[in-house]
Structures are given as structure tokens and as C-alpha cells.
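S.K.: This is the structure, below, for whatever I ask next.
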Amino acid sequence: MAGLCCNRWGEIGVIVPRPTNRQALYPRSTILRRTVMKAYDPGEIERKWQARWTERGAFSARPDPGRERYFVTVAWPYPSGPMHVGHARTYTVPDVIARYKRMKGHNCLFPMGWHLTGSPIVGATQRIRDRDERYLSILRDKYGISEDLYLTMTEPMQFADYWINRSRMGYKTGMTALGYSIDWGRECTSLDPHFSKMVGWQYRTLRSKGLVTTGSHPVKFCPRDNQAVTDHDLLDGEGVGIMEFTLIKYRLEGGEGALFLPAATLRPETVFGLTNIWLHPDAAYVVIETGGERWLVSREAAPKLAHQDKALTVVRETTGREFIGRRVRVPLTDASVPILPATFVKPDHTSGVVGSVPAHAPFDLVALRDLQRDGAAQEAFGLDRSELSSLSPIQMIAVDGHGAVAVDLVEEAGIRSQAETARLDDATNQAYKLEFSRGVMAPNTGRWSGLRVSAAKEQVKRELLASGLADTMYEFSETPVTCRCGAPCVVKTVTDQWFIRYSDPEWKQEVLDALERIQLVPPESRTYYRNVVDWLNDWPCTRRVGLGTRLPWDETGWIIESLSDSTIYMAYYTLVPLMRRLPAERLSDAVFDFVFLGRGDPASIAAQTGLEAEALRGMRTEFAYWYPQNHRVSANELIPNHLTFMIFHHLALFPRPLCPEGIVNLGLGVLEGRRMSSSKGVVFAVAEAVERFGADVTRLYLMYMCEPWQDFDWRGVQADAHRRQMERFFAAAQEMLAMEATSEQPVDSWLESRLQRHVLAAGQALEGFQTRRALQHSFFLLQQDVRWYLRRGGRNRDLLRRVLDAWVRLLAPFVPHVSEEIWEMLGGKGFVSDAPFPAPDEGRLDPLAEFREEYLSNLLGDIAEIIKVTKIGPRRMVLYCAPQWKWEVFRRAMAMARGGHLYMSGLMKSALEDPAIAPHSRELARFAQKLVADIPKLSEDQLAKYALPFEEHATLAGAGAFLSGEFGCEVEVHRADAPDRYDPQEKAGKAVPLRPAIFLE
RNA sequence: GCGAGGGUAGCCAAGUCUGGUCAAAGGCGUAGGACUCAAGAUCCUAUCCCUAGCGGUUCGGGCGUUCGAAUCGCCCCCCUCGCACCA
């Protein structure tokens, strides 16, 4: 249908104005009148409104049973550095939503608190005390803190307070500057004694439900400091993982009673393909006694095992050479295999004993071939040549399209010697991946035959461990791992570690069920959550270092780790105002049982604790009113821990309906293409952003650049551009207010209609947290429509005021300060922050008016195109609208299309029946052909539009003055079949319905 | 490897679920013009190729389904993030 009316606006509905303009948008002569315009001064406006909000307590929230509540919380910040624009994005999202909900009439609570527990703050103060120059230089040079000042911040609380309140780059400073509608009356921290009381209740309750247990756990550990270390404490080896190896115990045949060779492997399922054991002939080994057994391990392995909770004594020292040529028994298969020498064996890695599976491990294959070729070595170690040559790979895993995988890979890579370690490492990786993902256990693996390798691995391991044929050993995934003190770290097994039992199947199931009821933004995150719940294991929830709540029943100094103490703090916000007035030490578990669960009798609890029953009832009321949270706002990266933990804990501690109703998962932030990082100084502080752009522009830009869940990239040029956008808007608003003329125009109903569409779209978008889409309509598209309205000659002062009135209310959640300012100019009552969010009035939708403007816009486009191509500066423009008979054919074709039977023959027949059409039979065929080709391609919406009672000639005639003004030439409108038309180039014949012919001269 | 999310014109990004209104919104950048003594700002226009408004070639790559695909299916390539005791 492109030939009839090429539509340029999609659902969003945008008019793309094309022509060269001869008049300014807001012509000074008619609109501006030298009105005294206020320049946009964000600093002044923002201070003014922030002060007024504070003065009136605009955002403090009290329970009000008469109003529907809305409770939104956001991950509390960890104040150990400046608040940057990445944080600003995180906190602006809930603020926008809170402001929107408030305007929708909700009693809205948006609280804030500070996470002080954990190690970074202690770490930072420690570094200040240690005069760590690298860190001090960041404080001094990046964050502009004087030496005098930072040297006073050696206590965690001083340090935190600085980054919350005192620094101009601090969090509360920044949040205030950005105009967040936070109820500061509920400010709290994770170190408040009252908070600790709640956490104590939380952990005792979890424990009583059997969800907290003790067990052993591997951690990075510095033997010199005798302390567990975090990545923060490391000089080398940041991010290095701890891998769990299975030690398969091979029993030495003959002599020495029972001596086991524990070979470490990540692939216990390959035990069926074992052909021999490797020892390094020249490395030092020791015989140790542990758990009533004797083991042969490398000398380096003994202390490692000792750290991993193995009581052991060294019986004697030896070398690998001593055991070469002897034989061991293989568990599960009971085969007898020889011990052979190999130089690739690393004595400082795991146990220093290696099981050889040449069919599936490239190192083993190559080492075996090396040895088989090496007569001298055979001689030297006194190996039986014929037996050695009889050793060949035993394939016990089948992979489609492969033989023994290691054999294939070594062949492909052309590896010749075990000294080619880089290529062997690579081949090993490939073998592991290939077999793990696609391998199946071969028939020679007994009852594991046919199992996928990924499943068999776990099963074989479990079987070996259960029958005492194997043990476990941990090793770093990479070395070295070095403590700040310079000592090499080890893996230590902590044996009295406390865990939260996230592996509990029933608990998991409850979480999975709850997940289906939670509104997730974006919805795609649901599968991610499901997977996390699936593989989540028991979580070590206690630590020895850092700040935090003491594990309530423990005397040994465990504190609750910081991801585990912050799972239900949203409930704490509801209690703060009342609880803060009570002495913390009186907050017994009975208090929380009553407040959270409604258990017990307030009078008797009051009697036991010495608290007022009224205070207890008050807290219960607050909690019951606000909970559950409507939305939790946090970052994508917290899905694998914090957010999922939160669901687990809510389900375990509270009745099911108190689980969060929705979770919003934010994307991460990038600064000019680089990942933001406070420690590397890749940050743009909120303080600077507000200073340079103002709070509103910062918010506008943050909310417009992408939807909340997408990763965003802060770019200075873009922020600059948004500053100009704000200035333009502020000026435009004043111009709209200063408008003098008041007259009704045909375009009025168009602008009304467009406004309704934007109001509708913006509201829908905000319900789904689509801040970008909402702004697209509330700011940019509406602005475009107002421009078009003025360009079309619209001058209705009352209408423009009404539009502006709705406009600032649409924008108030995003740019609250400037919206208040304009609201005040409009004479609005109270704060715009409390004004109702615009509701769409569908009665004001006017599809015909919209279609008319769309038609004109397209016409403008066509004319502009012709001018561009021909470079004609037109003095005269003649438009010919399609003749009646074509319209009649068009209508018939449309009717047939709606009936689903538009065919050439039918259309021709029908058309020729009409005596008004019949005379044009020659042109008819070609026109009908085009209709038959184009109309079926139209969508429902498009068909509906074309069916509107549109008067083409009247529209064109009415737009004559407009077109004349646009192109600075005289404009004539004719019907294409008017006998007296001016048509020197015979253009009129080209006119078709909705697409007039054009002649320029 | 496992898991999740992506690849759209110079950049950001909408559109993909619900195939046709998509040469593909909007913003930015760039260019031209209007306004101005001038600069900035503002406003208008242009920004894949071609062209009296026609048409042509596009939406990571390939194949396919369909009258019709940025949108559906299959295969492949590439990017980002998470994988645990760390906030």
C-alpha cells in the first residue's frame, strides 16, 4: 500500500516533519513577547524544593489503614568510598517508582539504611592505620581527603560516617542532592544494636528449624597470620578458586603392610581406564600416617593435608624412585598396575601422586609413550620391557565421532613429548570439556556403563568416598596465592564452620514455588533465579574477621557474614521509628515473635521484658501495614546470592504471603566504556554530576539511557546533551505559559488525542518499570507533538496550559525539582509530588485527527523529497487529490479485503458495475491491480485507519495556508478530474486516494 | 564447562513474545539552513544507495518455513555477566 500512503509512524506514533521551515517554532512575534524568561538554574531550583520537601516532611510515611500502601526497598549501600553515578542509577530507579506510586495515591514508603558489616570498612581503616601508601594516595588524590582528615579515620565507624554524611562525595549527601523521596526517619545501619537483636532472633529461629548446621569448609588461609584471608587480603592470586580433588587410594602390593598411594584427580570416573601410577622419580616423598592408614605423598603435600583437617605424622622420608616398578591395586576394578616414573608430575600440586589414564588424559598418554620409547630409562629403573610395551590406553568413555579422546587430541595437536606442557594443558582442557559434555561411560565400566560422564563423575566419587576407597583434597586453581604479609597461602579446612542449609530440598521447593508468584523485572530473570536455586549449596554464614553480629549461641568468636546478615533487613525498616526508642538489650526473641509473627500476648511480653505493651503493638501495626515489600530493587549480580537468600529467609521466617511481591534486577554500570570501580578510581561522583548537570538532568539521563535492567554506560557528552534538553524544556514551558492568543483550531483535538496516547503509554511503562519507555513518551515524544502543534498553527492557550499541567505531572517522578518549579508557575496546589499522576481520557482520542496530521506529514515528506531531488525552489505548488471514481474503487477494494476475498476479477467486476467508474475502464485496470497487490499487506490497524471517514479534498484545502507558509510559495488544490485545473505537466493522473499528485514550478 | 543475557544503520537504543503499518521510533553525533553583528543556544532539514515523491540493498553469518521475516525454526560465529564465603 506504499503507493497510497506511506505511513511513517508506528505504534509510538511520531510525526516526522520534513519540509524546510520558514518560521521559527516559537515565533517571538506571537508567543514570546519578550516575556521575562527565567534561565534554568538547577542549583537554585533544587535547593529550593529540597528545602520545602524537608520542611513539610513530604516523604515521611506513617501507616494509614485507609490508604493502600506501597513499600519499596533497595539494596543498601556499603559506604566505603564515594557515591558515584552507578549508585545514583541504582537509587534513582526506586525513587522514580516511589514518586510515581505516591502520585497514584499510594501511601508510599521508601527507606534507606547502611550496610556496615563485613570486611571492606575494617580493611580500609586497617590500611589507614598501616599507612598503606597505595590506598592513601587514592584517598588523597582521587577523593581529595587531606592527610589530617584521613589519619583520624582509623575507626570503622568514623570511616563509614565520613562516607555517609561528611564527605561531599558521600552517600547521604548524594542522595539528598539528587532529591530522593526517602523517609530519612527510618535511617539505620547493620551495626545498630537493635538490628543485631533482630539478626539474633533470625538465626536462632533458623537454627530451631534445622536450617543452620555446622560442618567443614575449605578457605584460603595464611599460615603466618593464622587467619582466613579474603581476596582483599591477597598480594597475589585474587579470584583464584579452590578446587576439590578426589584422592583415589591405590594400595601398594607386597611389603610395608598397607601403604596407599592417594592419587589426586578431578575425574574419578576414569578410574576404570587406569593403566599405571605416576610418581616423580626424583621428587621427595614421605610416608605419612593418617586416620590409621599409611599414605605415600609428596613432601609438599603433607603440610597441605595437615591444614585440611588430617591429623598426620610423617613416618619416613623417601623419593619416588624407591617405588618405581612396584605395583598397586585399583579400586573398583581390582586390576594390578605398575608404578612408573614421569617428570611432568608436580610434587607441589595436590598429593604428588598421579593416576594414569592414557586413553583420556593427554599427559598420561604422552608420558607413557615417552617411557616406552626410552630404553635408557627403562634400564635405569629396571622396568620389565615386555610388560611396559604391553601397556596401552584403555578406553572407557565413548564420545560420538571419536576414539579414545586423548589419543585423538594428541594426534591432532602433534604432541611429541611430555615436556610440551602448554599444549598438553590445552589438550587436557579439551578432553575434559568434550568428555564431560558429550561422553558416555563405555561397557567396560560395569554398572556405570551407559551413564553420561557428567553424572557418572559424581556417582563414582560418592561410591569411592562411601566405601573408604577415596578421600578429598583441596587445591588452588592457580598459584601462587600470596598473603599481603608475603607468606604463601594454603587451603585450610575449617571444621566448625556454620552453614545455612540452602541445599535443603524442601526449602528449595518452597523457594521455587514462591518464585512463580513473584513479579520479576525483567521477566527473563526468572530462569536465572530458578537455576540459582537449583545449584545453590549450603552457604558458610559465619566468619572470624570483620564487623557484624555475633553468632548468638556461639562463644568462639564467630560473627555472621555480611551476605547472611542482610536478608530480612527490609522488615527492620518498618520497626525503626518505634524500636529505636527502646533499650536494645530488652529486645528478646519473644518481642520479634510477636512483632513479626503475631505470636504471644503483648501484655505478658511487656511484663517479661519491661517494655511497654503499646510499643509492641505499635511495631506490630507498622510491620503488618507495610509488609510485604511490594518491590525489592537490586542488581543482577546479586541474584546468585543476596536476592535469592532473601527469598529463602523470608519463606523460612515469615508466613508465606510476606514474601516480597516483586524484585527488580538492575543492570550494571560502565563509565565511558570502562567498568566502574571505586578502587581504581574509575568513578564519576554524584557530587560532580550534580554540580555540573544538576540533579534533574542527572536523573533524566540515568533513566533515559536505557531500561533499568540493562547495563548502562555513562557518557559525559550525552549528559551534556540532556542538560540542553532540560534547558529547552524549561524555556518551552515558560513560553507555553506566556502564550497570549487563545483560539480553537482543528489541530487542537489532535494534540489532545496525542496527549492521551502518551499518558497511557507512560503509565503502562512505569507499571513495568520501563523508565526509558516512559520518558520517551513523557518527555521526548510529547515535546515533538507540541512542536508540531505549534508549527501547524495551534495557539490554544487553555489547551497548552492543560498539556503543560499534565506534562509536568508525567515528568515529576523523573525530574521532580524542575517539575515543582513549573507546577508552581502553573499555580498548582501543593507539591506536584503529591498531585495525581495523569489518567488517560480515552474519550479524547481522535483517530481521525491523528490520521489527518499523519496524512499531512507524509505529504510534507513527499514534497520535501521532490524539492531535494529536483532542487526546485518552488514559486507555485499545485496539489491534485484523487478523483471520486478512484476513491470509489478504493472503498470497494477495502470492503472486499475486509471480507477476505479481494481478487482482481472480483474488483474489476464490482467496479465496472458502477456507472461513475465505468468510463475510466482503461485506467481502472492498472489502478485495481495495484490495490489488489498492496491492500492485503496491510495490518488490521492500518485497514481500520483507512476506513475512517477522511475527507481528502477538504483536508488539503484547509492546509493550504499551512503548506504555503512551510514552503514559502502559493498553493493550489484541485481535484484531479476538475476540468479547469492548472496542470501543465499532466501530473493529475498520478493522484491516488491518500496520496495526492504534486506539481512544483 | 555450567548458567543467564545480548549482537539493529557513525554511537546509544526501540522493534523480536503477538510475521505485513519497518529503510526500521527516539536520543546523541555530524552536515546544511533559519535566527543573530558574531558565537552559543534555539528552530527546521538531511544523515544506506538511487530517484519528481518510484525503486534497490539492509537488521552478527548461513540454511529453512511463509504469499511475506529484524521478527518464526535449525546450525554456526562473536560479546557481556555470574559460578560461592565476596560486598
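To convert, note that position 808 of the first sequence is 1197 in the numbering used here; the numbers rise steadily by one, no gaps. Just so you know, even glycine gets a beta-carbon here, dropped at the ideal spot from N, CA and C.
#1: What does a CB cutoff of less than 7 Å around HIS583 pick up in its chain, not counting 5 residues either side in sequence?
#2: For the region 773–859, list the alpha helix (DSSP H) runs that are entirely contained and at least 4 residues long, ordered along the chain.
#3: Any idea what DSSP makes of GLN1374, helix, strand or coil?
#4: Among the residues of its own chain, which have a CB less than 7 Å from the CB of PHE1119, if the five just before and after it don't count?
#5: If MET587 and PHE981 are in contact, beta carbons under 8 Å, what's the gap, nearest whole angstrom?
#6: What three-state label does DSSP hand ARG1045 in the structure shown?
#7: Could you please give me the residues that DSSP links to ARG1391 through a beta bridge?
#8: Mapping the DSSP letters down to three states, classify PRO1382 as helix, strand or coil.
#9: Quick one: what's got a C-beta closer than 7 Å to ASP1174's C-beta in the same chain, skipping five residues either side?
#10: Can you tell me which of the three DSSP states TRP684 falls into?
#11: Kindly indicate which residue of LEU1268, ARG1088 and GLY1288 has the alpha-carbon position closest to the one of THR481.
#12: Residue range of the beta strand (DSSP E) that ARG1165 falls in?
#13: If you check the beta carbons only, do ILE553 and TRP503 fall under 7 Å apart?
#14: Could you give the distance in angstroms between the alpha-carbon of ASP625 and the alpha-carbon of GLU867?
#15: Let's test the definition: count the other Cβ atoms within 10 Å of the Cβ of GLN591 and tell me whether it reaches 16, buried, or not, exposed.
#16: Please name the residue or residues paired with HIS606 in a DSSP beta bridge.
#17: Could you tell me whether the Cβ atoms of VAL461 and PHE499 are closer together than 7 Å?
#18: Between which two residues does the alpha helix (DSSP H) harbouring TRP1276 extend?
#19: For the candidate residues ALA513, GLU544, THR578 and ARG516, whose alpha-carbon lies nearest to that of PRO466?
#20: Who are the near neighbours of ASP1372 in its chain, counting only those whose CB is closer than 8 Å to its CB and skipping five residues on each side?
#21: Considering only C-alpha positions, which residue in the set ALA903, GLN1145, ALA700 and LEU1193 is nearest to PRO1236?
#22: Alpha carbon to alpha carbon, how far is GLU1061 from GLN1099? Give it in angstroms, no decimals.
#23: Can you say whether ASN665 is buried or exposed, counting buried as having 16 or more other CB atoms within 10 angstroms of its CB?
#24: Extract the residue ranges of the beta strand (DSSP E) inside the region 1150–1233, only unbroken runs of 3 or more that lie entirely within it.
#25: Let me confirm a value: VAL880 is counted as buried when at least 16 other C-beta atoms fall within 10 Å, else exposed. Which label applies?
#26: How do the region 453–460 and the region 1012–1024 stand: do at least 3 beta-carbon pairs fall below 8 Å, yes or no?
#27: Extract the residue ranges of the alpha helix (DSSP H) inside the region 1013–1094, only unbroken runs of 4 or more that lie entirely within it.
#28: What span of residues does the alpha helix (DSSP H) with GLY1347 cover, start to end?
#29: PRO1097 and THR1033 - do their beta-carbons sit closer together than 7 Å?
#30: What residue ranges within the region 561–645 form continuous alpha helix (DSSP H) runs of no fewer than 4 residues, ordered along the chain?
#31: With 16 other CB atoms within 10 Å as the buried threshold, where does TRP942 fall?
#32: Can you list, in chain order, the residues of its chain whose CB lies under 6 Å from that of ASN410, leaving out five sequence neighbours each side?
#33: Would you report the Cα separation of SER993 and ASP978, rounded to the nearest angstrom?
#34: Using the rule of at least 16 other Cβ atoms within 10 Å of the residue's Cβ for burial, across every protein chain shown, is TYR1292 buried or exposed?
#35: Check whether the region 1245–1255 and the region 1214–1226 are in contact - that is, three or more C-beta pairs closer than 8 Å.
#36: The beta strand (DSSP E) that contains THR707, what's its start and end?
M.R.: From the atom records:
#1: For this step, residue 583 is matched to residue 194 along the first sequence. Once the five neighbours on either side are set aside, the close Cβ partners of HIS583 are MET968, ARG969, ALA973 and LEU976.
#2: 774–779, 794–802, 810–827 and 842–855
#3: Within the first sequence, residue 1374 is the residue found at index 985, counting from 1. It is coil, neither helix nor strand.
#4: The residue given as residue 1119 occupies position 730 in the first sequence. Excluding sequence neighbours, PHE1119 sits near TYR429 and VAL1207.
#5: Reading the first sequence from its first residue, position 198 is the one you call residue 587. Reading the first sequence from its first residue, position 592 is the one you call residue 981. With a Cβ gap of about 6 Å, MET587 and PHE981 count as contacting.
#6: For the purposes of this step, residue 1045 is taken as the residue at position 656 of the first sequence. Three-state DSSP puts ARG1045 in a helix.
#7: Residue 1391 lies beyond the range of the chain shown here (390 to 1390); nothing can be said about it.
#8: Here residue 1382 corresponds to residue number 993 of the first sequence, with the count starting at 1. PRO1382: coil per DSSP, three-state reduction.
#9: Stepping through the first sequence from its first residue, residue 1174 is reached at position 785. The residues are LEU1140 and ARG1143.
#10: The sequence position of residue 684 within the first sequence is 295, counting from 1. Here TRP684 sits in strand by DSSP.
#11: Counting from 1 along the first sequence, the entry for residue 481 is found at position 92. Taking only the C-alpha atoms, the option nearest THR481 is ARG1088.
#12: Working through the first sequence from its first residue, we reach residue 1165 at position 776. Here residue 1165 turns out to be Gln, not Arg, going by the sequence shown. GLN1165 -> no beta strand (DSSP E), and no H or E assigned at all.
#13: Sequence index remark: in the first sequence, residue 553 carries index 164 (1-based). Sequence index remark: in the first sequence, residue 503 carries index 114 (1-based). Yes, Cβ-Cβ distance for ILE553 and TRP503 is below 7 Å.
#14: By 1-based counting over the first sequence, the position of residue 625 is 236. By 1-based counting over the first sequence, the position of residue 867 is 478. About 10 Å.
#15: Reading the first sequence from its first residue, position 202 is the one you call residue 591. The residue in question, GLN591, is buried, as its Cβ has 16 or more Cβ neighbours within 10 Å.
#16: The sequence position of residue 606 within the first sequence is 217, counting from 1. Note: HIS606 sits in a beta bridge opposite VAL883.
#17: Looking up residue 461 in the first sequence gives position 72. Looking up residue 499 in the first sequence gives position 110. Yes; because the gap between Cβ atoms is below 7 Å, this pair is in contact.
#18: Numbered from 1 along the first sequence, position 887 holds the residue referred to as residue 1276. Looking at the DSSP string, the run of the alpha helix (DSSP H) that includes TRP1276 is 1273–1287.
#19: The sequence position of residue 466 within the first sequence is 77, counting from 1. That would be THR578, whose Cα lies nearest to the Cα of PRO466.
#20: On the first sequence, residue 1372 is found 983 positions in, with the first residue counted as 1. If we look at ASP1372 and ignore the five residues flanking it on each side, its Cβ neighbours are VAL1267, TYR1269, HIS1363 and PHE1388.
#21: As a first step, residue 1236 must be located in the first sequence, where it is residue number 847. Ranking the options by Cα distance to PRO1236, first place goes to GLN1145.
#22: Start at 1 with the first residue of the first sequence, and residue 1099 comes out as number 710. Start at 1 with the first residue of the first sequence, and residue 1061 comes out as number 672. Near 16 Å, if we compare the C-alpha coordinates of GLU1061 and GLN1099.
#23: What you label residue 665 is simply residue 276 of the first sequence in a count that begins at 1. Classification for ASN665: buried.
#24: none
#25: Translated into positions along the first sequence, residue 880 becomes position 491. By the 10 Å Cβ count, VAL880 comes out buried.
#26: yes
#27: 1033–1042, 1075–1082 and 1084–1093
#28: As a first step, residue 1347 is located in the first sequence; it is residue number 958 there, counting from the start. 1341–1347 is the extent of the alpha helix (DSSP H) around GLY1347.
#29: Taking the first residue of the first sequence as 1, we reach residue 1033 at position 644. Taking the first residue of the first sequence as 1, we reach residue 1097 at position 708. Result no, Cβ atoms of THR1033 and PRO1097 do not sit closer than 7 Å.
#30: 582–597
#31: Position 553 of the first sequence, counted from the first residue, corresponds to residue 942. With fewer than 16 other Cβ atoms within 10 Å, it is exposed.
#32: Taking the first residue of the first sequence as 1, we reach residue 410 at position 21. Any reading at ASN410 needs caution, since the residue's pLDDT is 30, under 50, leaving its predicted position unreliable; the model's value is listed next. Once the five neighbours on either side are set aside, ASN410 has no close Cβ partner at all.
#33: Numbered from its first residue, the first sequence carries residue 993 at position 604. Numbered from its first residue, the first sequence carries residue 978 at position 589. Taking the straight line joining both Cα atoms gives about 13 Å.
#34: Position 903 of the first sequence holds residue 1292. TYR1292 comes out exposed.
#35: no
#36: Residue numbering aside, residue 707 sits at position 318 when the first sequence is read from its first letter. Where THR707 is concerned, the enclosing beta strand (DSSP E) stretches over 701–708.
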